[in-house]
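Colleague:
There are 2 protein chains.
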Amino acid sequence: MAQYVYEFAEGNRDMADLLGGKGANLAEMTRMGLPVPPGFTVTTEACRAFLATGTEPNGLADEIAAHLVTLERSAGRSLGQPDDPLLLSVRSGARFSMPGMMETILDIGLTDDSVRGLAKTSGSERFAWDSYRRLIQMFGSTVMGVDPALFEAAISHLKESRGAPDDLHLDATDLTRLVETYKNLIRRDTGEDFPQDPAEQLRRSIRAVFASWNGQRARLYRQREHIPDTLGTAVTVQRMVFGNLGTDSGSGVAFTRDPATGRRSPYGDYLTNAQGEDVVAGIRNTVPLTDLERLDPASYSQLGHHLRTLENHYRDLCDVEFTIERGTLWLLQTRVGKRTAEAAFAIAAELADEGLITADEALARVSGDDVAGLMFPRFDTAAVGDAFVRGIPASPGAAVGAAVFDCAEAVRRAAAGEKVVLVRQETTPDDLPGMVACQAVLTSRGGKTSHAAVVARGMGKVCVCGAEELVVDPGERRCTAGGVTIEEGMVISVDGSTGTVYAGAAPLVDSAVMRYFETGERSGALVDAVAEAMQQADAVRSLGVRANADTPEDAARARRFGAEGIGLCRTEHMFLGDRRQLVEAMILARTDSDRVRALDALLPLQRQDFVGILEAMDGLPVTIRLLDPPLHEFLPDRTELAVRLAAAEAHGNPPSAHDAELLVAVNRMHEENPMLGLRGVRLGLVAPGLIAMQVRAVAEAVVERKRAGGDPRAEIMVPLIDTVEELRLVREEVERTLTDVSEASGVTVECPVGTMIELPRAALTAGRIAQEAEFFSFGTNDLTQTTWGFSRDDVEAAFFSAYLDKGIFKVSPFETIDREGVGRLVRIAVAEGRAAHPGLKIGVCGEHGGDPESVHFFHTAGLDYVSCSPFRVPVARLEAGRAALDGTEVSDSR
Amino acid sequence: MAQYVYEFAEGNRDMADLLGGKGANLAEMTRMGLPVPPGFTVTTEACRAFLATGTEPNGLADEIAAHLVTLERSAGRSLGQPDDPLLLSVRSGARFSMPGMMETILDIGLTDDSVRGLAKTSGSERFAWDSYRRLIQMFGSTVMGVDPALFEAAISHLKESRGAPDDLHLDATDLTRLVETYKNLIRRDTGEDFPQDPAEQLRRSIRAVFASWNGQRARLYRQREHIPDTLGTAVTVQRMVFGNLGTDSGSGVAFTRDPATGRRSPYGDYLTNAQGEDVVAGIRNTVPLTDLERLDPASYSQLGHHLRTLENHYRDLCDVEFTIERGTLWLLQTRVGKRTAEAAFAIAAELADEGLITADEALARVSGDDVAGLMFPRFDTAAVGDAFVRGIPASPGAAVGAAVFDCAEAVRRAAAGEKVVLVRQETTPDDLPGMVACQAVLTSRGGKTSHAAVVARGMGKVCVCGAEELVVDPGERRCTAGGVTIEEGMVISVDGSTGTVYAGAAPLVDSAVMRYFETGERSGALVDAVAEAMQQADAVRSLGVRANADTPEDAARARRFGAEGIGLCRTEHMFLGDRRQLVEAMILARTDSDRVRALDALLPLQRQDFVGILEAMDGLPVTIRLLDPPLHEFLPDRTELAVRLAAAEAHGNPPSAHDAELLVAVNRMHEENPMLGLRGVRLGLVAPGLIAMQVRAVAEAVVERKRAGGDPRAEIMVPLIDTVEELRLVREEVERTLTDVSEASGVTVECPVGTMIELPRAALTAGRIAQEAEFFSFGTNDLTQTTWGFSRDDVEAAFFSAYLDKGIFKVSPFETIDREGVGRLVRIAVAEGRAAHPGLKIGVCGEHGGDPESVHFFHTAGLDYVSCSPFRVPVARLEAGRAALDGTEVSDSR
């Protein structure tokens, strides 16, 4: 038979699945000899059994009874013993932290009898009756199902009638009366008396904590945080200790290091004469932990000692909850603490310096998201006042702009050149134009998967969402929080990395980390810590990192950021601007000679582009993708053109001949689904001369760079391949052109020819395609679009947030690669491509190349490199390093 | 060492890979004891070796020499023997028939000496010199590379100077002079004499036939017919026999049955005093084979006997080429003969009746394409004159319309209600509007993979292409063939099933086969034969056949055609017509109650649709797909709306408020790629009430049918599923609604819930999806679109014909399923779906369900049923039967 109950001393930190995080760490501390009030933990297995059958599993009651006896024996008194009651707390504790989502019941064991015993032993009538009243209130609502508002109303009524400003002003007599009121209330509401049997209190409390796993709040939270519903919670039963027994008592929270900066100094909050709950509730102002040195030097010293013990044991930042009961220090909880990105780097570096962890472990403790966060400029918080409001940091960066409260106003002001922040209760697809127009989005509702958050991240806009204190009034064009009102047009500052919003224009501070990547300048400990992590990552990673760059400037930046080449150089950007009219001429050409003339005019311009990029990446590979988008993208919008011509006609003006010609071409080339149309290699195979012109431009650029003494390493990449036959035909044309240029110039030009794998069919027939390819590059944007059958542009705003909310996605498949679907195609293509062509070089150049979770996948899938935007290169380097460490997950312990 | 040469008696009919079709069948006839002039075959392997190295493989010359000796010994004279020369023919013969694409050289062995011997033994100076002149002409052009036009010029010049209307009017003296002229011509052109060594003639002729495999015509033909370039040709060397030695000689072609009707009567053509070449060239008019009975009763009787022997041996229709040399009958070639669809059925049925083949074999001898062809009405050819022109039958059916020569005229006339036939040299994507507007397309260039053919088939339009005799003059707006000119507006009749075009309006004859399927009426032997084949197919097939039908009428027709249920009932058609404004109201609804009102109005209308369909399919499954297309498809076109509003504004008219409201909605809902947008299950999950309304309509229809005593078997199918979570959510809503209706009506409604598998991700995660699905139905149209990343509507016209021409496709993947890519996903989904959910029912409802080749694939892939349009149901039944026969390919022996 399963063991359902563990004494603290029986467990350890690795048993969180069974004992929950809280239970496992209490067990660990007990084993370490730290001062933990004794207790035991009922396992998640017992909870699961209870939830499955609706009743406690066989044997559980006996086990609990046996452990209670042990507890009573060690305490020298029994649960609810009338003259000197042992009191217990019953708390939930799941595998993953679900703060405040499940139930807690304190002071179990108090009855009409034992409350008097407690009064005597504690020496405080008020304390005893207040504890009893709390038990009845918690038990009544949690276990017996009485509406908590009824208790609140009763205590409010009492305070009013007694003229008491707060609970502390109610005396023992008041509380005695309140207990009576509460008990009557329960009887009236449930037809049942508050139980006077301490064992019944305990049994029913444990049962209530089990049941709270399936409470609405908890279910909603798990759905949002993607915690499986099947885990269940453990229940910790522990002897009560009291921090509210006078000025020699108190409660607090302490960190082994400052979780904001990582600085190694005592850090935390303390509240004299209070329980832990009071610290969290913020009823009175806490004092800094350092004040405890003055208030209770012995406890302070002990606490410091325990914190060092914990950090040495856990080899990481820990936080603890502690209580001092009449001069005796008790530790009630510990865990590896959450921290900011800055602290993550600082702590990892310091622990490594101290020899507590290895360089690999230090690398595992930081993440790509941390680096990314540190590369943004931040607000100079010293120069601004308090936050106006706080919300969920949903899309990083810092932005300043005038507050606007609807989409139309956002568009109007942005068109006039003003920077705006769109403030909404929540956004819908209708807000899309406003989101495009603004610098940042601020909402009062919704989490990281809300419409605002998803769309803003997709656009790279700053976003803070779910600022619950914010009251948005679009009718009055204003919003309010904490008594401050922002009217339309007033400037606010939004920090999407921290979730903080300031009134007014907060000054920006450049990122020292960004400066380091740009210039190599080492300014301070944080930058040193980042540099060390990057070095370690580079030392251990097997995955190469390249950048997607289309200009010499981007190429140069990418190189400074550590890119080992260009994985994707898009030629279509070279067809825009002034050159658009040449492209237009090529498209409209009626004769071959017209077409040739237009292509000839484009050739030298493209050549110069390539010369610049090859120079910036001298000695490193530059993968140039042949023109991908449909040609009609270079022509004006069809509806606009039609409206312009119709309007001219209606006004009796002669329509522009050029417009008319364009409209004919646009109508002819119109596609209902351009994403699925004449683009990529298809275009190259039907538009005569287009491939040859581009390849000639590349080849002549190589010649020019070679003549200048450079080491140009151009590679030609063919987009949108479906079949090996397409690639074979293009390859023949490429090789013919390279030969032509080589012969004409006398300089040998050889460029590897490879292909994008961005359509399911290419992945499914990769074995055949590999026979004609010198490299593969996964275009995971298009591969995601076709595998799922939706286009990012069309659907992200339309239904992604609904899908995230409903749990259909855990994360947008455009942010993080979908391992089951798209990832399976990647694995098929890698395996079959390599089998057919040993040594085939394989990379990825979709946006996933810069996403931490996806980088880990690509490492596991055996790719040679990832390619991402220049700014994501450090992220990719770091995560490629972490992926190479055995068993490191993307967000370890965070 | 390989054996490169086979005596006829050494081979047999199964050796076509090595001996070519001709060589293998000559061998078979020799072994059967039929009168075949002796000879031997040089293998395709020798040809491949020659083509690879440019020289004859070692040993070939010796083998040929040895076989020549045998031949000479049996003939009692030697090759080119001066006094009585043995003459040989050298002919190509590949695995697959390539008529006229490679070289033939006759009369090998004639020299300046032996021509005189031949004159003496044949008793005809003219015959001998004409034979010699033919040899020099064929050898000169084929082997020595002289331009054939030079020989033609010389003979024309001679005829002119002699006043001879044709070759027959040249006498022996003329031909002796012509031989001299020819020899001089060769000497002048090549610097070499026509070889007087018969062995050299033979060696060089064989070499020339080898080389002709890679001639331009042959290469082009193979590309068009998808015959691999690697096969090579065999070469048959055979003793010459002569049908041109007087009135007791002649040549002809004979069939064991009439290849047009299948009637069992002697059928063929005969030409007295002629070689086989003359029959084919049509220099003189042939007589019907039956005339031979009068001309040469002995040979006629022998021939009849041989034909019966051949048919009994081959157990199929055979055709032969024969020559009678001075009263002696020789068979020169045989093969299983080509036949019309009608003949295919008739012959198969008769051979089975005769016990020559089994019912299974009879089934294997006919095809779905045959049935499909017989279901179209045809022109009453008896009522019209001769064909105006013939081309390649590219898309079946019969159409009549006014000839037009450009796209604009086609559109103009069609808009005025006229039926038109678009006549072009060839079509391009620019002709698309004209192709949409016309009844049929006729082109003078291009084959079955030309743009016209591909697009017309995609649209289901009649098409004849590659009518090479047709001269199209779009400038003059007319076309000419065989001296007849069709001016713009003149009516022509196009038969896309036979490739024949008639001037004027040919009367149409209904199809008896169609009448049989519609009514069960058995009118004649053809219908009986079709009915027998269908019965056999139904008896042996394991694949079920359902229909795609959206109306009670279609459902009833499908049932008459043999459908065993509806595999796809599209609800979107139920949202059109009068109901469009209700759908519009639902889309434009500003409040929940407006939306509910619109949905409530749609409900009874949909319910009645379902009642009708369930009644028509009573007792059989009806799979109803929830609404699939994006909602904006029910709103007006965006550009049209914008132009209308702009025009109104420019004219100073107040814009229509409704139009303005519509434009806002259309703009809001606009998608760049609607195929990849908010449609299918996505729509159901974000548009409140839409799924419930549809399911309620189905459920209430089931209740109504049950109350009426019917046996309704509705199934609910969810479109565009990507993940199991989507299906789970919809399923919950469906089941809730079914329960509601069951409870409200007191009638239990249970509908299996299944899903389309039409996105790569669904196929890749089919194992998980199967856990929530009671059936799968492959939507191979969408699956092809997303797997390949192109939309049929957008690309078929733009580049499919180019892709087919370049050999990238063998056939459009929308016509026949792409086994490598899409087919692999189908296999994955079947295997993993069934593994997760044993007994999962799996079908296909894309258009591939009615394509013969694809039906075979679905059978092999283990599907339970295919579903196709009602008119393709007989095709699918027949091919499902053929697929169940071991080793039957789609087009066996055709």
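One line per chain: the protein sequences are X and R, in this order.
Per the working numbering, residue 3 is the first one in the first sequence, and the count goes up by one each step.
Per the working numbering, residue 3 is the first one in the second sequence, and the count goes up by one each step.
C-beta: ideal position from N, C-alpha, C; glycine also.
(1) What are the residues in the segment 789–803 of chain R lying within 7 Å of chain X by C-beta distance?
(2) Could you work out which residues of chain X lie near residue 808(R), taking near to mean beta carbons separated by less than 8 Å?
(3) For residue 866(R), tell me which candidate among 856(R), 883(R), 845(R) and 854(R) has the shortest Cα-Cα distance.
(4) Is it true that the CB of residue 508(R) sits closer than 8 Å to the CB of residue 392(R)?
(5) CB of residue 361(R) to nearest heavy atom of the ligand GTP: below 7 Å?
(6) Does the distance from the CB of residue 259(R) to the CB of residue 269(R) come in under 8 Å?
(7) Output the distance between the C-alpha atoms of residue 276(X) and residue 323(X), rounded to the nearest integer angstrom.
(8) I need the straight-line Cα distance from residue 420(X) to residue 403(X), nearest angstrom please.
(9) For residue 241(X), name the three-state secondary structure that DSSP assigns.
(10) With a threshold of 6 Å on Cβ separation, who are the neighbours of residue 809(X) within its own chain once the five nearest residues in sequence on each side are excluded?
(11) Under 8 Å, Cβ to Cβ, is there at least one residue of chain X near residue 895(R)?
(12) In whole angstroms, what separates the C-alpha of residue 1(X) from that of residue 819(X)?
(13) What are the residues of the segment 625–657 of chain X that lie near chain R, defined by any Cβ-Cβ distance shorter than 7 Å?
(14) Taking the CB atoms as reference points, tell me whether residue 695(R) and residue 605(R) lie closer together than 8 Å.
(15) Would you please state the rounded distance, in angstroms, between the beta carbons of residue 23(R) and residue 99(R)? I believe it to be under 8 Å.
(16) Quick one: list the residues of chain X neighbouring residue 818(R), beta-carbon separation under 9 Å, in chain order.
(17) Thinking residue 2(R) and residue 757(R) are a contact (beta carbons under 8 Å), I'd like their distance in whole angstroms, please.
(18) For residue 8(X), list the residues DSSP reports as bridge partners.
(19) Do you know how far the Cα of residue 310(X) is from the Cα of residue 344(X)?
(20) Considering Cα atoms alone, identify which of 411(R), 619(R), 112(R) and 795(R) is closest to residue 673(X).
(21) List the endpoints of the continuous beta strand (DSSP E) containing residue 755(R).
(22) On the DSSP bridge assignment, give the partners of residue 336(R) in chain order.
(23) Report the option in 325(X), 89(X), 197(X) and 105(X) whose CA atom is closest to the CA atom of residue 249(X).
(24) Which whole-angstrom value is the C-beta distance of residue 241(R) and residue 73(R), which I expect to be below 8 Å?
(25) For residue 432(X), which residues from the same chain have a beta carbon less than 8 Å from its beta carbon, with the 5 sequence-adjacent residues on both sides left out?
(26) Given residue 878(X), which residues of its chain have a CB within under 6 Å of its CB, disregarding the five upstream and five downstream residues?
(27) Nearest to residue 158(X) by alpha carbon, out of 177(X), 305(X) and 482(X)?
(28) How would you label residue 143(X), buried or exposed, when you count the other beta carbons within 10 angstroms and need 16 or more for buried?
(29) Residues of chain X with CB under 9 Å from residue 677(R), in chain order?
(30) Candidates 737(R), 741(R), 679(R) and 30(R): which alpha carbon is nearest residue 723(R)'s?
(31) Can the beta-carbon of residue 197(R) be found closer than 8 Å to that of residue 81(R)?
(32) Are the Cβ atoms of residue 831(R) and residue 768(R) separated by less than 8 Å?
(33) Please determine, among 791(X), 859(X), 610(X) and 113(X), the residue with the shortest C-alpha to C-alpha distance to residue 577(X).
(34) So is residue 171(R) buried or exposed if we call it buried at 16+ other beta carbons inside 10 Å?
(35) Mapping DSSP to helix, strand and coil, what is residue 615(R)?
(36) What separation, rounded to the nearest whole angstrom, lies between the Cα atoms of residue 860(R) and residue 18(R)?
Modeller: In this structure, then:
(1) 789, 790, 791, 792, 793, 795, 796, 797, 800 and 801
(2) 687, 727 and 731
(3) 845(R)
(4) no
(5) Of the ligands one can find in the structure shown there are none, so the ligand GTP has no counterpart to examine.
(6) yes
(7) 13 Å
(8) 8 Å
(9) strand
(10) 225
(11) With a pLDDT of only 36 at residue 895(R), under the threshold of 50, the placement of this residue in the model should not be trusted, and no figure is reported.
(12) With chain X covering 3 to 896 only, the question about residue 1(X) has no answer from this structure.
(13) 640, 641, 644, 645, 648, 649, 652 and 653
(14) yes
(15) 6 Å
(16) Near residue 818(R) there are no residues of chain X at all, since even the closest Cβ is about 15 Å away, more than 9 Å.
(17) The first residue shown for chain R is 3 and the last is 896, placing residue 2(R) beyond what the model contains.
(18) 43(X)
(19) 21 Å
(20) 795(R)
(21) 755–759
(22) 322(R)
(23) 325(X)
(24) 7 Å
(25) 409
(26) 547, 852, 857, 868 and 870
(27) 177(X)
(28) buried
(29) 674, 675, 677, 678, 791 and 793
(30) 679(R)
(31) no
(32) yes
(33) 610(X)
(34) exposed
(35) helix
(36) 30 Å
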